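Numbered per full-length UniProt numbering, the sequence shown spans residues 1 to 282. Glycine is no exception: its CB is placed at the ideal position from the N, C-alpha and C atoms. Please read these numbers as outputs of a predicted model, since none were measured by experiment.
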Amino acid sequence: MKSFYLFALMLMASQFGIYAQDFQGEATYFSKTTVNMDFGGRQIPEDRKKEIMQRMKEANERTYILTFDKSASIYKEEERLEQPGNDRGGRRFGALSGAGGDYYKDVKEGRYLVKNELFGKIFLVDDTLPKLEWKLGGESKQIGNYTAFKATATKTIKRPNMRAIFRRGGENDENKESEFTKKEIEVTAWYTPDVPVNQGPGEYWGLPGLILEVSDDVTVILCTKLVLNPTEKKEIKAPNKGKTVTQEEYDKISKDKMAEMRENFRRGGGGGGNRGGGGGRP
Numbered sequence: 001m002k003s004f005y006l007f008a009l010m011l012m013a014s015q016f017g018i019y020a021q022d023f024q025g026e027a028t029y030f031s032k033t034t035v036n037m038d039f040g041g042r043q044i045p046e047d048r049k050k051e052i053m054q055r056m057k058e059a060n061e062r063t064y065i066l067t068f069d070k071s072a073s074i075y076k077e078e079e080r081l082e083q084p085g086n087d088r089g090g091r092r093f094g095a096l097s098g099a100g101g102d103y104y105k106d107v108k109e110g111r112y113l114v115k116n117e118l119f120g121k122i123f124l125v126d127d128t129l130p131k132l133e134w135k136l137g138g139e140s141k142q143i144g145n146y147t148a149f150k151a152t153a154t155k156t157i158k159r160p161n162m163r164a165i166f167r168r169g170g171e172n173d174e175n176k177e178s179e180f181t182k183k184e185i186e187v188t189a190w191y192t193p194d195v196p197v198n199q200g201p202g203e204y205w206g207l208p209g210l211i212l213e214v215s216d217d218v219t220v221i222l223c224t225k226l227v228l229n230p231t232e233k234k235e236i237k238a239p240n241k242g243k244t245v246t247q248e249e250y251d252k253i254s255k256d257k258m259a260e261m262r263e264n265f266r267r268g269g270g271g272g273g274n275r276g277g278g279g280g281r282p
């Protein structure tokens, strides 16, 4: 039975041309992140709160394109028109809440590079590709035209503590909260063996088929369109502009910027400013 399944899988893959030398696919994903905005008791005008919430919404609802082949992929945000004056604020909050830029991964070499903008500066994170210990389940569901199977994994993450930005208090406050929270979460992925490539959106990979949907405690990423062997092939190239740092170094920079943003809100600045930042964007 197992050999028959593998034969059927190989036959299906060959029909898609996946084993062809120039095989390529393009998947469109919609990503939505829920952020709990706790202003920590700070008295912020209602119109300002609405503005902040709107910028957070814009920063955390995005559409991405994953261009992939058998070993490499590039995950890019789909270009969209920005409302005048909203771009910098939305991207500033987005960077701190985990919304990354162009994400390149080479599963063969076990390496990833991601280009991020943080307060006007561009960073190129170059590090070892994180690997999750996936547990494959028998549960399945239909996603578009594809049968997808469930897999789960746990991982430890650090996220910005938005409450810490807005909380009242001075430097010696005993109840001062950390700018980042660390916790263990469960990740649920749905992959399809119909497209037997070791790829997925963003940092996710490592399953016996393309990941069509993945969710954690706050983010859901869903494939809304999939094209195999498009007529017009695209170059899958790693980003190469920005200050090269490791993930650990970038996390330290993000933490410092979060502390700076917190101080600006405490002083009544309301938005973190752009101190220490340069011009440009990805």
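T152 has its alpha-carbon roughly 23 Å from the corresponding atom of I74.
Counting along the chain, L228 sits inside the beta strand (DSSP E) bounded by residues T219 to L228. With respect to W190, I221 sits apart: the two C-beta atoms are not nearer than 8 Å.
Relative to the Cα of T147, the nearest Cα in the group K155, T154 and G138 belongs to G138. Contact check for L124 against K243 passes: the beta carbons are separated by less than 8 Å.
The beta carbons of V114 and D102 sit closer together than 8 Å.
Rounded to the nearest angstrom, the gap between the Cα atoms of E184 and T231 is 42 Å.
The Cβ atoms of F23 and N240 lie no closer than 8 Å to each other. E79 carries a coil assignment under DSSP once its states are collapsed to helix, strand and coil. About 5 Å separates the Cβ atoms of K158 and K182, confirming a contact at the 8 Å cut-off. In the DSSP assignment, T67 falls within the beta strand (DSSP E) that extends over E61 to F68. If the five residues before and after F149 are omitted, its C-beta is found closer than 8 Å to the C-beta atoms of L136, G137, G138, E139, S140, W190, Y191, T192, P193 and G209, all from its own chain and listed in chain order. Contact check for I211 and P201: beta-carbon distance about 7 Å, within the 8 Å limit, so the pair qualifies. For D217, same chain residues with a beta-carbon under 8 Å away, outside a window of 5 residues either side, are I185 and E186 in chain order. Under the DSSP assignment, D106 falls in the beta strand (DSSP E) whose first and last residues are Y103 to D106. Within the model, the alpha-carbon separation for R111 versus M261 is close to 31 Å. Scanning its chain for C-beta atoms nearer than 6 Å, with the 5 sequence neighbours on each side dropped, one finds around K32 the residues E61 and V220, in chain order.
By the criterion of a C-beta distance shorter than 6 Å, L226 is surrounded in its chain by A27, once the five residues flanking it on both sides are discounted. In this structure, F68 lies near Q199, with their beta-carbon atoms less than 8 Å apart. For secondary structure counted as the beta strand (DSSP E) over 3 or more consecutive residues, the region 101 to 159 holds these complete runs in sequence order: 103 to 106, 111 to 118, 121 to 128 and 135 to 143. CA-to-CA, the gap between L132 and T156 works out to about 10 Å. At least 8 Å separates the beta-carbon of Y64 from that of E79. T34 has its alpha-carbon roughly 22 Å from the corresponding atom of K257.
Here DSSP, grouped into helix, strand and coil, assigns I236 to coil. As the crow flies, the alpha-carbon of G206 is around 10 Å from that of L129.
Here E203 carries a coil assignment [DSSP, helix/strand/coil].
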